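**Q**
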Amino acid sequence: MIFVSLFFTFLKIGLFTIGGGYAMIPMINDEVIAKGWISEADLTNFLAISESTPGPFAINMATFVGFEKAGFFGAVCATLGIILPSIVIIIIISKIISKFLNNKYVNYAMQGVRPVVVGLIFAVVVSLIYAAFLPNGFDIKNISFASIIIFAISVVMLSFKKTKNPILIIVTSGILGIVFFGLFNMR
Amino acid sequence: MKYWKLFISFFKIGLFTFGGGLAMLPFIERTVVEKEKWLTDKEMIDMIAISESTPGPIAVNCATFVGHKVGNILGGIVATLGVVLPSFIIICIISLFYEKFIEIEVIRWAFLGIKAGVAALILFAGIKILKKSPHNLFSFAIMLLAIEISLFTTVKTFWIILAGLIIGVIFYSILNHYEAKNKTEEIETITEDVNEEPVVETEEGDNL
Chain R
0 MIFVSLFFTF LKIGLFTIGG GYAMIPMIND EVIAKGWISE ADLTNFLAIS ESTPGPFAIN
60 MATFVGFEKA GFFGAVCATL GIILPSIVII IIISKIISKF LNNKYVNYAM QGVRPVVVGL
120 IFAVVVSLIY AAFLPNGFDI KNISFASIII FAISVVMLSF KKTKNPILII VTSGILGIVF
180 FGLFNMR
Chain Z
0 MKYWKLFISF FKIGLFTFGG GLAMLPFIER TVVEKEKWLT DKEMIDMIAI SESTPGPIAV
60 NCATFVGHKV GNILGGIVAT LGVVLPSFII ICIISLFYEK FIEIEVIRWA FLGIKAGVAA
120 LILFAGIKIL KKSPHNLFSF AIMLLAIEIS LFTTVKTFWI ILAGLIIGVI FYSILNHYEA
180 KNKTEEIETI TEDVNEEPVV ETEEGDNL
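If you're matching them up, the sequences are chains R and Z in order.
The numbering of the first sequence is numbering that gives the first Met the number 0, which starts it at 0 and goes up by one.
The numbering of the second sequence is numbering that gives the first Met the number 0, which starts it at 0 and goes up by one.
Written as structure tokens, this is what we have:
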């Protein structure tokens, strides 16, 4: 039953996404792409769409996958799945707030999991870069110079406070994509 | 009435913030602390700490927290629905047109470029979390290990995160235990204050 499966998959993703937003991508890779619900290309396309539309990334993602897979009701199930762990956990913690914040074991666990989350995110970056720079597999002749240039420009933009707006990055790299891939017919 | 206000406030927060999670915090603060006075400054800081250290999207965690404080469980649910609904509606509409949209050639070129831009965006999101991680060799080693496991094995992300939580508890318990022990020894030699010793003893029991 696809609705139940969507609900529980996103429940699991909601439960194990710590640090919000992009920390969820490795779980999406595992649970959603592995199941063949969306393709890897859909995920990167959708990351861009999600950055340029309002609202939390996780909700956008759940709604998108649910809708692609099983229409409106699928979107409802996936979205409910991803918010349920938050609602339950936060309500419980609100009742014991001071104890939770001062609990040293919670603190230790967080210190342990943060570098792990960073590692997982960097692993995603590595595979994204691989897919963008070498679109035809590991063949140095087919390296995409256009992608490398766009990546470099984005990194430079992200390093400056004035230009580090995600929407600006998406729009710029989109325009550069049209120029390089479309007009100049670059690889 | 207060439920309606919660709903509308968080609906606006969901509608007008791009970039999700952390980008929402300034907007949430303006609404929740300055305008409606639902939380004090200190409670706002506590809320951010909790939202970042519990599972789930940060925006949803914040909405639930504020809603619960203002109107208990029903308040939590109402505020959460408010923050989620704008995304939900917008994305449903986009999904309707997604496949046709992505087939247009110009759009296809644009998204080829965006692919590289998104890689850079995610890289910087990782660096942001890296800055909040403990800066020591152990944490660096864990990060490298996580990259390697994630790239070269089929171990699921779920287990890698769980392992990180458990390793954190074990490693920092042991570390702090030894640091505390060294400290108490120092104190003992100076003032012979043995008050802390029983606490240290029970911790040792836990670790074993």
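Yeah, the Cβ is synthetic: ideal placement off N, Cα and C, and Gly gets one too.
No experiment lies behind these values; they were computed from the predicted model shown.
#1: Quick one: any contact between the segment 136-147 of chain R and the segment 81-92 of chain Z, if contact means 3 or more CB pairs under 8 Å?
#2: Mind listing the chain Z neighbours of Asp29 of chain R? Cutoff is C-beta to C-beta under 8 Å, in chain order.
#3: Residues bridged to Thr17 of chain R by DSSP?
#4: Could you tell me whether the segment 75-89 of chain R touches the segment 54-73 of chain Z, using the rule of 3 or more Cβ pairs below 8 Å?
#5: Where do the N-terminal and C-terminal ends of the alpha helix (DSSP H) with Thr171 of chain R fall, by residue?
#6: Beta carbons nearer than 8 Å to chain R: which residues of the segment 53-81 of chain Z have them?
#7: Any Cβ of chain Z within less than 7 Å of the Cβ of Ile86 of chain R?
#8: Report the rounded CA-to-CA distance for Ser146 of chain R versus Leu46 of chain R, giving the unit in angstroms.
#9: Could you check the C-alpha separation between Ile152 of chain R and Ser172 of chain R for me, to the nearest Å?
#10: State the DSSP-derived secondary structure class of Gly35 of chain R, mapped to helix, strand or coil.
#11: With 16 as the cutoff for other CB atoms within 10 Å, does Gly35 of chain R come out buried or exposed?
#12: Cβ closer than 7 Å: which chain Z residues qualify as neighbours of Thr43 of chain R?
#13: In the structure shown, what three-state DSSP assignment does Ile142 of chain R receive?
#14: Run the CB neighbour count on Pro25 of chain Z, radius 10 Å, all protein chains shown included, and call it buried at 16 or more, exposed below.
#15: State the DSSP-derived secondary structure class of Glu196 of chain Z, mapped to helix, strand or coil.
#16: Given this structure, state the Cα-to-Cα distance separating Lys98 of chain R from Val112 of chain R, to the nearest angstrom.
#17: Rounded to whole angstroms, how far is the Cβ of Val117 of chain Z from the Cβ of Thr62 of chain R, which I believe are closer than 8 Å?
#18: Hey, is the segment 122-129 of chain Z in contact with the segment 112-125 of chain R, meaning 3+ C-beta pairs nearer than 8 Å?
#19: Of all the CB atoms in chain R, is at least one closer than 7 Å to the CB of Ala124 of chain Z?
#20: Whole angstroms is fine: what's the gap from Glu202 of chain Z's alpha carbon to Phe139 of chain Z's?
#21: Name the chain R residues that come within less than 9 Å of Thr16 of chain Z, Cβ to Cβ?
#22: Which residues mark the beginning and the end of the alpha helix (DSSP H) in which Leu136 of chain Z is found?
**A** From the atom records:
#1: no
#2: On the first sequence, residue 29 of chain R is found 30 positions in, with the first residue counted as 1. The contacting residues are Lys155, Thr156 and Phe157.
#3: Counted from its first residue, the first sequence places residue 17 of chain R at position 18. At residue 17 of chain R the sequence reads Ile, which differs from the Thr that was named. Z:Pro54.
#4: yes
#5: On the first sequence, position 172 is the one that residue 171 of chain R refers to. Its alpha helix (DSSP H) spans residues Pro165 to Gly176.
#6: Thr53, Pro54, Gly55, Pro56, Ile57, Ala58, Val59, Asn60, Thr63, Phe64, His67, Lys68, Ile72, Gly75, Ile76 and Thr79
#7: To locate residue 86 of chain R, count along the first sequence from 1; it is residue 87. Interface residue, yes.
#8: The residue given as residue 146 of chain R occupies position 147 in the first sequence. The residue given as residue 46 of chain R occupies position 47 in the first sequence. So the alpha carbons of these two residues sit roughly 17 Å apart.
#9: Locating residue 152 of chain R in the first sequence gives position 153, where the first residue counts as 1. Locating residue 172 of chain R in the first sequence gives position 173, where the first residue counts as 1. Distance between the alpha carbons of Ile152 of chain R and Ser172 of chain R: 8 Å.
#10: Here the question's residue 35 of chain R lines up with position 36 in the first sequence. It is coil, neither helix nor strand.
#11: If you number the first sequence from 1, residue 35 of chain R lands on position 36. So Gly35 of chain R counts as exposed.
#12: Counting from 1 along the first sequence, the entry for residue 43 of chain R is found at position 44. Result: Lys114 and Val117.
#13: Translated into the one-based positions of the first sequence, residue 142 of chain R becomes position 143. Note: Ile142 of chain R maps to coil in three-state DSSP.
#14: As a position in the second sequence, residue 25 of chain Z is number 26, starting the count at 1. It is exposed - the Cβ of Pro25 of chain Z has fewer than 16 other Cβ atoms within 10 Å.
#15: For the purposes of this step, residue 196 of chain Z is identified with residue 197 of the second sequence, where counting begins at 1. In this prediction, Glu196 of chain Z has a pLDDT of 45, which is less than 50 and means its spatial position is unreliable; what the coordinates show is noted afterwards. Note: Glu196 of chain Z maps to helix in three-state DSSP.
#16: Mapped onto the first sequence, residue 98 of chain R falls at position 99. Mapped onto the first sequence, residue 112 of chain R falls at position 113. For Lys98 of chain R and Val112 of chain R, the distance between alpha carbons rounds to 20 Å.
#17: Here residue 117 of chain Z refers to the residue found at position 118 when the second sequence is read from its first residue. Here residue 62 of chain R refers to the residue found at position 63 when the first sequence is read from its first residue. Actually they do not touch by this definition, with Cβ atoms about 19 Å apart.
#18: yes
#19: Counting from one through the second sequence, the residue named residue 124 of chain Z turns up at place 125. By this cut-off, Ala124 of chain Z is an interface position.
#20: Walking along the second sequence from the start, residue 202 of chain Z turns up at place 203. Walking along the second sequence from the start, residue 139 of chain Z turns up at place 140. With a pLDDT of 40 at Glu202 of chain Z, under the threshold of 50, the predicted position of this residue should be treated as unreliable, and no value is reported.
#21: On the second sequence, residue 16 of chain Z is found 17 positions in, with the first residue counted as 1. Ordered by position in chain R, the residues that pass the 9 Å Cβ test against Thr16 of chain Z are Pro53, Gly54 and Pro55.
#22: Here residue 136 of chain Z corresponds to residue number 137 of the second sequence, with the count starting at 1. Segment Leu136 to Phe151, the alpha helix (DSSP H) holding Leu136 of chain Z.
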